[in-house]
Amino acid sequence: MGFFLTLVSDLNEAQYRLLLYFQAIAARHAIGAIPALLDQDVAEASNALAGTLETAGKGIIYEHQAASIPAQRLVAALREGMTELTREAGSQTPRLERDAAVALRRMEHGAKTAATALAGDDHPVFLSLVSRIMAAGQAGDGSPETAAAAEGDRPGSGLIIPG
Numbered sequence: 004m005g006f007f008l009t010l011v012s013d014l015n016e017a018q019y020r021l022l023l024y025f026q027a028i029a030a031r032h033a034i035g036a037i038p039a040l041l042d043q044d045v046a047e048a049s050n051a052l053a054g055t056l057e058t059a060g061k062g063i064i065y066e067h068q069a070a071s072i073p074a075q076r077l078v079a080a081l082r083e084g085m086t087e088l089t090r091e092a093g094s095q096t097p098r099l100e101r102d103a104a105v106a107l108r109r110m111e112h113g114a115k116t117a118a119t120a121l122a123g124d125d126h127p128v129f130l131s132l133v134s135r136i137m138a139a140g141q142a143g144d145g146s147p148e149t150a151a152a153a154e155g156d157r158p159g160s161g162l163i164i165p166g
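Okay, so the sequence shown: first residue is 4 according to the numbering used here, each after it adds one.
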């Protein structure tokens with residue numbers, strides 16, 4: 004849990020919720036992915052979508068691509084989730100995109116460093132961690148989406164102890 008806490012420690016609430024949202028998408032996508040989704044694919048996908056959002060924030064329309072096919076498929080799933088959020092954001096879309104880029108960069112960092120920080124865990128280490136976190140927070144039908152949505156409905160997270 005210490006590793007996860009370092010990932011979220013300085014995120015604002017919107018960025019934290021977006022990180023949980025994107026992790027839930029990655030966890031759900033990993034379940035049926037063929038070939039299996041690896042932490043490297045999560046890092047590539049997060050990097051590609053974050054880069055696209057950051058570039059758009061500068062007024063340049065350019066879609067960054069992931070190198071591997073599994074990562075490309077995850078980018079598509081993450082982008083679909085982002086599209087749903089921007090539809091609801093209205094005039095807050097630029098802020099949402101900035102916060103989403105921060106959350107995706109954090110997910111990229113987590114996927115890149117999990118194997119080293121959590122040596123001895125089952126591979127893929129980051130995806131396994133995310134699955135455990137989602138399982139711990141599951142409510143209702145037990146899906147990662149429901150867990151992330153329930154997380155968003157509660158006033159505080161069970162993952163962070165208020166100071």
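Glycine included, every Cβ here is placed at the ideal spot set by N, Cα and C.
If you compare alpha carbons, which of the options is closest to residue i?
| i | options | result |
| --- | --- | --- |
| residue 78 | 17, 47, 125 | 47 |
| residue 86 | 57, 99, 62 | 99 |
| residue 35 | 5, 53, 73 | 73 |
| residue 57 | 83, 96, 115 | 96 |
| residue 71 | 22, 9, 38 | 38 |
| residue 25 | 103, 11, 67, 10 | 103 |
| residue 50 | 7, 81, 4 | 81 |
| residue 21 | 66, 125, 59, 101 | 101 |
Should residue i be listed as close to the ligand PLP, given that the test is whether its C-beta is under 6 Å from any heavy atom?
| i | result |
| --- | --- |
| residue 109 | The ligand PLP is absent from the structure shown, which contains no ligand whatsoever. |
Would you give the residue range spanned by the alpha helix (DSSP H) that residue i belongs to?
| i | result |
| --- | --- |
| residue 24 | 16-35 |
| residue 38 | Where residue 38 is concerned, there is no enclosing alpha helix (DSSP H), given that its DSSP letter is neither H nor E. |
| residue 84 | 72-92 |
| residue 4 | Unbroken run through residue 4: none, as it is neither H nor E. |
| residue 104 | 96-120 |
| residue 136 | 128-139 |
Residue i and residue j look like a contact to me (Cβ under 8 Å); what is the Cβ gap, rounded to whole Å?
| i | j | result |
| --- | --- | --- |
| residue 110 | residue 27 | With a Cβ gap of about 11 Å, residue 110 and residue 27 do not count as contacting. |
| residue 121 | residue 30 | Not really, about 16 Å apart at Cβ, beyond 8 Å. |
| residue 107 | residue 52 | 5 Å |
| residue 132 | residue 6 | 7 Å |
Check whether the Cβ atoms of residue i and residue j lie closer than 7 Å to each other.
| i | j | result |
| --- | --- | --- |
| residue 41 | residue 127 | yes |
| residue 10 | residue 84 | no |
| residue 105 | residue 18 | yes |
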